[in-house]
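Comments concern the structure below.
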Amino acid sequence: MSREQRRAALNAIISDYERGGFDPSRIVTVFGLVRDLVAVLENKSNLRRMSDAGALLMKVYDDTARKHGRPAELACKKGCGYCCHTRVTVTAPEIFLLARAVRPRWEDENDGLQSSFQKQEAVTRGLSIEERYATRTACPLLTDGSCGMYEPRPLTCRAYGSRSLDACISLYNTTVNNVPQSEMSQLMRAVIFAGLKAALKRCGLDGQGYELGHALTAAMPQDAEERWLAGEAIFADVSQEFRAAERSEGHRAFDQLVDVFCAGAFGEDVPPNPYFMWPR
Ligand code: SF4
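18 is the number of the first residue of the sequence shown in my numbering; add one for each residue after it.
Encoded structure:
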């Protein structure tokens, strides 16, 4: 394939994305999202570019979910917060987006939010995934069984959809995860999330996931996003997504997808992979 042919193939993919958004049945349309995220992240004059990238990510997920549908038979209901007792990890764009919305409550002395975060931190800091599950500690944003920050909630929370309340209760009680989930939501989440990680990697930015409660606490100062963008390691003490020993074959396959999106979105050679190759 000549350089011109590859450019034409890429342009066709990007045009499809611009016309119809991300299409989970054709995962390379996520190249359009990667490029849009990179454009936001490279705008150095924007001191809120990480949270703006987070907002773009959520919009694309919500648009995709609206278009390609959440299954009608989900067991999830308002006021049921079993799934909010697990460890949720979030990337920097998601943290700073949440921080923008949480800050007014954090600064309100009459709101008990700060003390909820402190209690969660005291119980969960330094624990492995399994140890964290076993404490059954609620997310500090959980309020009366519902998400207290529904609009900017992280991608993981957006995409979670259980088909069985019994399985959720069983997970909560036993920490054995047999929760049947919407395959479409999980596919959308995985591909869009890989797109985000690819954009962050492309820009040389940290794409690591951090424990939600601890990371949000670190992001609460007004100037946190600006300091992070200036290179300050404000999440240095926050538990990370996975310890090396916790990384599985599935995680390595995900990393491969990130590399494919990182190069492919810009028409570059992609590493050998089972997902996408430029036509020959
Ligand atoms: S952010 Fe909201 S949806 Fe996600 S775990 Fe916390 S309370 Fe639940």
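Virtual Cβ for every residue (Gly too), placed ideally from N, Cα, C.
Source: prediction; values computed, not measured.
(1) Nearest by alpha-carbon distance to ALA141: which of TYR177, MET67, HIS231 and SER199 is it?
(2) Would DSSP call CYS156 helix, strand or coil?
(3) Could you have a look at SER163 and say whether DSSP puts it in helix, strand or coil?
(4) Restricting to runs no shorter than 3 residues, where is the beta strand (DSSP E) found entirely within the stretch 185–225?
(5) If you run the structure through DSSP and keep just helix, strand and coil, what is VAL107?
(6) For THR154, count neighbouring Cβ atoms within 10 angstroms of its own Cβ and tell me buried if that reaches 16, exposed if not.
(7) Would you check if there are 3 or more beta carbon pairs closer than 8 Å linking the stretch 88–104 to the stretch 218–225?
(8) Using a Cβ-Cβ cutoff of less than 8 Å, which residues in the same chain neighbour GLU90 once the five nearest sequence positions on both sides are dropped?
(9) Would the beta-carbon of VAL105 be found less than 8 Å away from any heavy atom of ligand 1?
(10) Does the Cβ of GLN203 have 16 or more other Cβ atoms within 10 Å, making it buried, or fewer, making it exposed?
(11) Measure the alpha-carbon distance for TYR99 versus GLN198 and round it to whole angstroms.
(12) Can you list, in chain order, the residues of its chain whose CB lies under 8 Å from that of ARG166, leaving out five sequence neighbours each side?
(13) Classify GLU126 as helix, strand or coil using the three-state DSSP reduction.
In short, the structure shows the following:
(1) With the sequence shown as reference, residue 141 is identified as Thr, and Ala is not the correct amino acid for it. Considering only alpha carbons, the answer is HIS231.
(2) Note: CYS156 maps to coil in three-state DSSP.
(3) strand
(4) none
(5) The DSSP-derived three-state label of VAL107 is strand.
(6) buried
(7) no
(8) ARG180
(9) yes
(10) exposed
(11) 14 Å
(12) The residue you asked about is not Arg; residue 166 is Met in the sequence shown. Here the set comprises LEU115, ALA118, VAL119 and LEU158.
(13) Coil.
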